[in-house]
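Enquirer:
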Amino acid sequence: MPSEKIKLDKIRVRLAPSPTGYLHFGTARVGLFNYLLAKQNNGSFILRIEDTDKERSTKEFEKGIMEGLKWLGLEWSEGPDIGGEYGPYRQTERLKIYREYLEKLLKEKKAYYCFCSEEELEAQRQYRMSIGEAPIYSGKCADMSEEEVKKNLAEGKDCVIRFKAPVKKVVFNDLIRGRLEFDSKMIGDTVIAKGLDSPLYNFAVVIDDHLMKISHVVRGEDHLSNTPKQILLQEAMGLNHPVYAHLPLVMAPDKTKLSKRHGTVSIESYRDDGYLPEALINFMVFLGWNPGDEREIFSMDSLVKEFDIKRVQKGGAIFNIEKLNYLNGFYIRSKKPEKLTEFCIPFLEKAGLIEKKKDTYAVKDTGEDVDLEELTAIVSLYQERLKHLSEIANLTDFFFKKDISLEKDKLKWKQMADEDVKNSLERSESVLSEIKDANWTKENLEKTLLKMSEEYSSRGELLWPLRVALSGREASAGPFDILSILGREKSLNRIKSAKKLL
RNA sequence: GGUCCUGUCGUCUAGCCUGGCCUAGGACGCUGGAUUUUCAUUCCAGCAACACGGGUUCGAAUCCCGUCAGGACCGCCA
-6 MPSEKIKLDK IRVRLAPSPT GYLHFGTARV GLFNYLLAKQ NNGSFILRIE
44 DTDKERSTKE FEKGIMEGLK WLGLEWSEGP DIGGEYGPYR QTERLKIYRE
94 YLEKLLKEKK AYYCFCSEEE LEAQRQYRMS IGEAPIYSGK CADMSEEEVK
144 KNLAEGKDCV IRFKAPVKKV VFNDLIRGRL EFDSKMIGDT VIAKGLDSPL
194 YNFAVVIDDH LMKISHVVRG EDHLSNTPKQ ILLQEAMGLN HPVYAHLPLV
244 MAPDKTKLSK RHGTVSIESY RDDGYLPEAL INFMVFLGWN PGDEREIFSM
294 DSLVKEFDIK RVQKGGAIFN IEKLNYLNGF YIRSKKPEKL TEFCIPFLEK
344 AGLIEKKKDT YAVKDTGEDV DLEELTAIVS LYQERLKHLS EIANLTDFFF
394 KKDISLEKDK LKWKQMADED VKNSLERSES VLSEIKDANW TKENLEKTLL
444 KMSEEYSSRG ELLWPLRVAL SGREASAGPF DILSILGREK SLNRIKSAKK
494 LL
């Protein structure tokens, strides 16, 4: 029996990316788990942009992140672009709010100014680590007199604001990991702001989650040690704390946290390589979750029904591109040909093979027109051969070229001699030239050629040279398909040019 | 170094809570085979794991203890 699912009237979860880079695979996965938890409970999935790092945050990244999430189908119901009851949803637009809380904390002496230099702090960290202690702040500035603080502030000395963490054990219950206990002695007085108008992550997040009425914080395991800090802050400010769930991390094959140095990690680049969102979603959710039975294929809708956060794994999972490729191929094969063609056209355009005209497409190399129906016929031939959409251009380019490059040796099937190949092509040519344009259909071509192939000890002797002559490829779609799409004239021309090589 | 987390086929995992149905199941990949003009698809078969050591028990992947290994975090990033 699956564990009982959480049922709350109003689940509110959020994805809180910082726009300091493209949409990372891991961020998207965290978004997916949040989204599923919200949807299956009739709750809200909220997007909050955490752009307090002014140096690294950009609007372009923000835009890219939002596009990527939408492309994956992770639509939010409140966010910076669409607003909502608890906005604004961009942290830089909430500075006034944080300032109030900061001032209050300062006034209540739950936070203090710290004037220690970064060099001093770094030296301290090194020292503490060397003697085997947690590298926490010494608390040196905690008891500075008000006069001295004022004087330092007036002099414009560099400072930060630290939270005076009460010494206690912080206990919380994680949805995935169960009861967790941390000793605040190991945390120390963390910096919560660089100034009254420059809040830092651990501080801003607590206020936003409270004000935005977030009920569940579902995030990566890398935040596990931030949680006690945040709980302490919540307690100091009298804010309720949400339920936590820390997801296992996605790891690279070298078992470290997946990052740029391992290659492709941005959702955008997977899209550009021709991965389908449903494949990515299916793949992502199985990195840490499974239904408990043997089903492996899940659409977003079925995930909303079946996903159970209590079944998520505790250990990190390695990103296995083979499985993604398999899933992508699976979803490509299950698409309607018309739909698949629609997805493939941009890749054909990008490769410079075709160009959009009014109601049709122009083949760049020949100047001829090709309509949607023909494109669909071509794409369909490769539906079960495609692992990514981007492969479509390389696989089908011979349909769009005036001339194809061909090497003589490729025309030989097994151990055929040049003479045999030439004969084979000649027989194909002669039988095909008998067929009139009107009868040039796949069925007819197939029937005719197959009949003739009976004269050979193996069909390959007739069909292989023909297919290679038409496509220039050792691996391609079948000759009857190619013949019917290429048409009589082009087909015969290609056979003629192939013969010249022999 | 400290804190915390985790350990079932190469990889994702089922099973663990509530010991026997586990000669440990599925999937990807890999190997072989069938279909086939090629590639791919499809189908069939095979290879392959309970980290280690103790204990508890009639019986342990499952419970307990220890060891080892891996990871995350320890920032005036998020």
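Here the working numbering is used: the first residue of the first sequence is -6, the next is one more, and so on.
Ideal Cβ placement from N, Cα and C applies to all residues, glycine included.
Can you give, in chain order, each stretch of the alpha helix (DSSP H) that sits fully within the stretch 422 to 464 and has at least 4 residues?
Expert: The stretch 422 to 464 contains these whole alpha helix (DSSP H) runs: 435 to 446 and 453 to 464.
Enquirer: Are three or more beta carbon pairs between the stretch 151 to 161 and the stretch 87 to 107 nearer than 8 Å?
Expert: As far as the Cβ criterion goes, the stretch 151 to 161 touches the stretch 87 to 107, which means the pair count is three or higher.
Enquirer: For the pair the stretch 93 to 100 and the stretch 183 to 196, tell me if three or more CB-CB distances fall below 8 Å.
Expert: Yes: at least three Cβ pairs fall under 8 Å.
Enquirer: With 16 as the cutoff for other CB atoms within 10 Å, does P(-5) come out buried or exposed?
Expert: Confidence in P(-5) is poor, its pLDDT being 32 and thus under 50, which makes the residue's placement unreliable; the coordinate value appears in the next sentence. It counts as exposed.
Enquirer: Using a Cβ-Cβ cut-off of 6 Å (strictly less than) and excluding sequence neighbours within five positions of I397, which residues of its own chain qualify?
Expert: Excluding sequence neighbours, I397 sits near F391 and G465.
Enquirer: Which partner residues does M244 have in the DSSP bridge list?
Expert: DSSP lists K250 and I311 as partners of M244.
Enquirer: Whose C-beta lies closer than 7 Å to the C-beta of W457 among residues of the same chain, with five residues either side of it excluded?
Expert: Correct list, in chain order: W406.
Enquirer: Is DSSP giving G19 helix, strand or coil here?
Expert: Looking at G19 - three-state DSSP - the assignment turns out to be helix.
Enquirer: Helix, strand or coil for Y510, going by three-state DSSP, please let me know.
Expert: Since the first residue of the chain shown is -6 and the last is 495, residue 510 is not available in this structure.
Enquirer: Rounded to a whole number of angstroms, what is the C-alpha to C-alpha distance between G480 and Y319?
Expert: Cα-Cα distance, rounded: 34 Å.
Enquirer: Can you find the residues in the same chain that come closer than 8 Å, C-beta to C-beta, to S208, ignoring five residues on each side of it along the sequence?
Expert: L1, K3, I4, R5, V6, G36, P235 and V236.
Enquirer: Buried or exposed: R460, going by 16 or more other Cβ atoms within 10 Å of its Cβ?
Expert: Buried, since its Cβ has 16 or more Cβ neighbours within 10 Å.
Enquirer: From G231 to S177, what does the alpha carbon distance come to, in whole angstroms?
Expert: Going by the C-alpha atoms only, they are around 18 Å apart.
Enquirer: According to DSSP, F165 sits in a beta bridge with which residue or residues?
Expert: Per DSSP, L173.
Enquirer: Between the stretch 268 to 279 and the stretch 305 to 323, can you find at least three pairs of beta-carbon atoms closer than 8 Å?
Expert: Result yes; three or more Cβ-Cβ pairs closer than 8 Å.
Enquirer: Using C-beta distances below 7 Å, list every residue in its chain close to L374, excluding the 5 sequence neighbours before and after it, in chain order.
Expert: Hits under 7 Å: A470 and D474.
Enquirer: What is the DSSP secondary structure of P270, reduced to helix, strand or coil?
Expert: Helix, per DSSP.
Enquirer: Whole-angstrom Cβ separation of S417 and E454, contact assumed at under 8 Å?
Expert: 6 Å between Cβ atoms; contact.
Enquirer: Give me, in chain order, the residues of the same chain whose beta-carbon lies closer than 6 Å to that of H17; leave out the 5 immediate sequence neighbours on both sides.
Expert: Once the five neighbours on either side are set aside, the close Cβ partners of H17 are V258.
Enquirer: Quick one: which unbroken alpha helix (DSSP H) runs of 4-plus residues sit fully inside the stretch 349 to 384? Chain order, please.
Expert: The qualifying runs are 365 to 374.
Enquirer: So does the stretch 46 to 64 actually touch the stretch 10 to 24, counting three or more Cβ pairs closer than 8 Å?
Expert: Yes, since at least three Cβ pairs between the stretch 46 to 64 and the stretch 10 to 24 fall closer than 8 Å, the two stretches touch.
Enquirer: So, for K496: in the same chain, excluding its five sequence neighbours on each side, which residues have a beta-carbon less than 8 Å away from its beta-carbon?
Expert: Residue 496 is absent from the model: the chain starts at -6 and stops at 495.
Enquirer: Which whole-angstrom value describes the C-beta separation of M244 and I311, a residue pair presumed to lie in contact below a C-beta threshold of 8 Å?
Expert: So it is a contact: roughly 5 Å between Cβ atoms.
Enquirer: In or out: N34 buried (at least 16 other Cβ within 10 Å) or exposed?
Expert: Its Cβ being crowded by 16 or more others within 10 Å, N34 is buried.
Enquirer: Could you check what DSSP says for E287 in three-state terms: helix, strand or coil?
Expert: Three-state DSSP puts E287 in coil, outside helix and strand.
Enquirer: Classify S70: buried if its beta carbon has 16 or more other beta carbons within 10 angstroms, exposed otherwise.
Expert: Per the 10 Å Cβ criterion, exposed.
Enquirer: Mind checking whether T389 and I371 have CB atoms under 7 Å apart?
Expert: Yes. Within cutoff.
Enquirer: Just the C-alpha distance for I180 and K161, rounded to the nearest angstrom, thanks.
Expert: If you take the alpha carbons of I180 and K161, they lie about 10 Å apart.
Enquirer: What are the start and end residues of each continuous alpha helix (DSSP H) run of 4 or more residues lying completely inside the stretch 56 to 102, in chain order?
Expert: Listed in chain order, the complete alpha helix (DSSP H) runs (minimum 4 residues) inside the stretch 56 to 102 are 88 to 100.
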